[in-house]
Amino acid sequence: MRFSRLLIPTSKEVPSDAVLPSHIYLLRAGYIQSVGAGLYNFLPLGKRVLDRVRAVVKEELDRAGCQEVDLAFVTPAELWRESGRFEKYGKELLRFKDRKENEFVLGPTHEEMMVNLVRQSVKSYKQLPLHLYQIKTKFRDEIRPRFGLMRGREFLMEDGYSFHKDEEDMKREFDHMEATYSRIFTRLGLDFRVVEADSGAIGGSGSKEFMVLAESGEDTLVVCEGCDYGANIEAATRAPKEGPHYEEGEEPLMSPGEFHTPGTTTIEALAEFFRLDPHHLVKAVAKKALYDEGREAIVLFFIRGNDELEETKACNAAGANELTDVTEAELRAAGLTPGYMGFEGLPEGSLYFIDRELRGEANLIMGANKEEYHRVGVQVPDISEHFADLVAVQEGDRCARCGGTLRYTKGIEVGHIFQLGTRYSEPLGAAFLDENGKARPFVMGTYGIGVSRLLAAIIEQHHDERGCIWTRESAPFAVEIIVSNVKKDEEREAGEELYRQLLEAGVEVLLDDRTERFGPKMSDFELMGIPYGVVVGKKLAEGKVEMITRDGMKREDLPLDGVVAALLERV
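First residue of the sequence shown? That's 746 in the working numbering, and the numbers climb one at a time after it.
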């Protein structure tokens, strides 16, 4: 391709709404163009990168035995009602009606559609296992679309769905797809980590995320310094938290009973009042849980005084669609006492959960559900239905696997795999006949890669102050030939000859044949991030050209008649 014929609207200006390197450079280098909040056009360079990334995803999935299909983007709302997600998915699901008042949604994911396809086509265990996937545009009506391709409303996604006769075979495919996805991200040159995750609106019994490690990532990851454990903070677990160390005979002893504690409505005030470490205190966090059909309820979550509530875990424990803040007036109207709430003596019918690390603990202090009173010497009863994992793992906590130290890092989610079980097949009535002729629901897995998001993730990991640095498998071109001055016949002709030789060798090459000055040409090369550049300029008088490796801007002089061979060894 010739630069003079290619639409590459590069710019020196930093877009006012762009803060991440990927957002800035993809816009400035002419890869994408903004057309609205969270909506982007892919220009010729961007489409080339998108196609190359898509090709890597498709090659590995096809090699893994998956079959590609293409489902309708517009989905009947009735399928989402059958699965129970029409309301649960939230406002990110764009709902609309056609001229006949039939309800539809724009697919943010296609579990319902794929199950509908399979329930009509697969009738016997002899047709299983089956793994179908598509690489297709999705739409999620994000409340705050930002960071360019990182969090857009419209995006390209690979979503796959596997169907099995039993749990064992589904888990085999889950592990198979973990390995397949790992090969995809490795081929794309990404430094990533596979972490345990929350299943969110997709549901199921277990899931893993593929996180590209980058300080600009939106997700907080918990990783162990002693082993390979990693998890999104929404799903991270730890070894039970250790309390303060006391010398023999110095441990706090409490006689059970109520204690007058005026003005101690916070953990800090309570710890100061009793001169105790917050580890011995129980914190009550109140939230309003929102459910289907507008139903809501106040829920109380009880955790240690030195812990923080992890809201996704809390939301899952309550089985809610969402948690929101609750006012003091709402608490009092429900018969609760703000600042003095405990799990003993609550009004009848109160909905509450206790962090599982508190099970069996004694010598604790918590609210007495009575104004200006706390209960001391509390022993936590073993009420199984009220226990759940509720706390956010903190840096410095210990790993449950090896006892190592846990720390935070940042990541960009680029892939997610789920063990669905019968979460969708049962409500949608999707069944097959087993070996005994008995109807059984399909056991499912689902798998997704944010294909367009990968462009942003690659640049977040691979850039410098000059611009993009594309990896070998993702670059729009492998080589750019930069003719310093096309008005000089010898330079123009040498550039054309190199261009011809590289094309004949099957190399994807861009020839900068513009009449621009050399400085702007080099700036564009650096900004666009093509892996290798060849400068045809004044060194031609010595029979040499300059080869530049974009990663690190390493330069070397090579003989003109040897540069093609040198490039072929690298690309």
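Glycine included, C-beta positions come from ideal geometry on N, C-alpha and C.
Residue range Leu1151 to Gly1166 is occupied by the beta strand (DSSP E) that includes Ile1162. For Phe1098, same chain residues with a beta-carbon under 6 Å away, outside a window of 5 residues either side, are Phe1046, Ala1062, His1131 and Ala1133 in chain order. By the CB criterion at 8 Å, Gly1166 and Val1196 fall outside the cutoff. The straight-line gap separating the alpha-carbon atoms of Thr882 and Arg1040 is approximately 33 Å. In the three-state scheme derived from DSSP, where H, G and I count as helix and E and B as strand, Ser779 is classed as strand.
Take the alpha-carbon of Ile1128 and the one of Glu995: they are about 30 Å apart. Linking Leu824 to His1024 through their CA atoms gives a straight-line distance of about 48 Å.
Secondary structure note for Phe930: it is in no beta strand (DSSP E), and the uninterrupted alpha helix (DSSP H) holding it is Glu912 to Arg932. Per DSSP, Cys811 is not a residue of any alpha helix (DSSP H), being assigned neither H nor E. In this structure, the alpha-carbon of Pro853 lies about 12 Å from that of Arg830. With respect to the 8 Å criterion, Ile880 and Lys833 are not classified as neighbours on the basis of their beta carbons. Uninterrupted alpha helix (DSSP H) stretches at least 4 residues long and entirely within the segment 1058–1132 occur at 1073–1078, given in chain order. Within the DSSP bridge table, the entry for Asn786 names Gln778 as partners. DSSP, reduced to helix, strand and coil, places Asn861 within a helical segment of the structure shown.
Per DSSP, the continuous beta strand (DSSP E) segment holding Pro1304 begins and ends at Lys1299 to Pro1304. Counting the other CB atoms within 10 Å of its CB gives Ser866 a total below 16, which places it among the exposed residues.
Secondary structure at Pro821: strand, using DSSP grouped into helix, strand and coil. Arg808 counts as exposed, since fewer than 16 other beta carbons sit within 10 angstroms of its beta carbon.
Put simply, the backbone Cα of Phe1177 is about 23 Å away from that of Asp815. Distance from Lys916 to Glu1102 at the Cβ level is roughly 28 Å; contact not present, criterion being Cβ atoms closer than 8 Å. In its chain, beyond the 5 residues on either side, Ile777, Gln778 and Val780 have a beta carbon closer than 7 Å to the beta carbon of Asn786.
Per DSSP, the beta-bridge partners of Phe841 are Phe849. The alpha-carbon of Thr1260 is positioned some 26 Å away from that of Asp1296. Inclusion of Glu1067 and Leu1021 in the CB contact set at 8 Å is not warranted, their separation being larger than that value.
In this structure, the CA atom of Met1298 is about 21 Å from the CA atom of Phe748. Using a 10 angstroms sphere on the CB of Ile888, the tally of other CB atoms stays under 16, which defines it as exposed. Listed in chain order, the non-local C-beta contacts of Phe919 below 7 Å within the same chain comprise Ile1162, Gln1164 and Gly1190, local neighbours out to five positions each way being set aside. By the Cβ test, the segment 958–976 is in contact with the segment 1146–1158, since at least three Cβ pairs between them sit closer than 8 Å.
Contact between the segment 965–974 and the segment 1166–1175 is not established, with fewer than three Cβ pairs separated by less than 8 Å.
Taking the Cβ atoms as the reference, Val798 lies roughly 32 Å from Leu1173, outside the contact range of under 8 Å. In the three-state DSSP reduction, Asp1142 falls in the coil class, being neither helix nor strand. By the neighbour-count criterion, in which 16 or more other beta carbons inside 10 Å mark a residue as buried, Gln1206 falls on the buried side. In chain order, Leu1015 and Phe1018 place their CB closer than 6 Å to the CB of Thr1009, counting only its own chain and leaving out the 5 sequence neighbours on each side.
Counting every other CB atom within 10 Å of its CB across the protein chains shown gives Ser1000 a total below 16, marking it as exposed.
His990 sits in coil when the DSSP states are folded into three classes, being neither helix nor strand. Only exposed fits Tyr991, as fewer than 16 other CB atoms lie within 10 angstroms of its CB.
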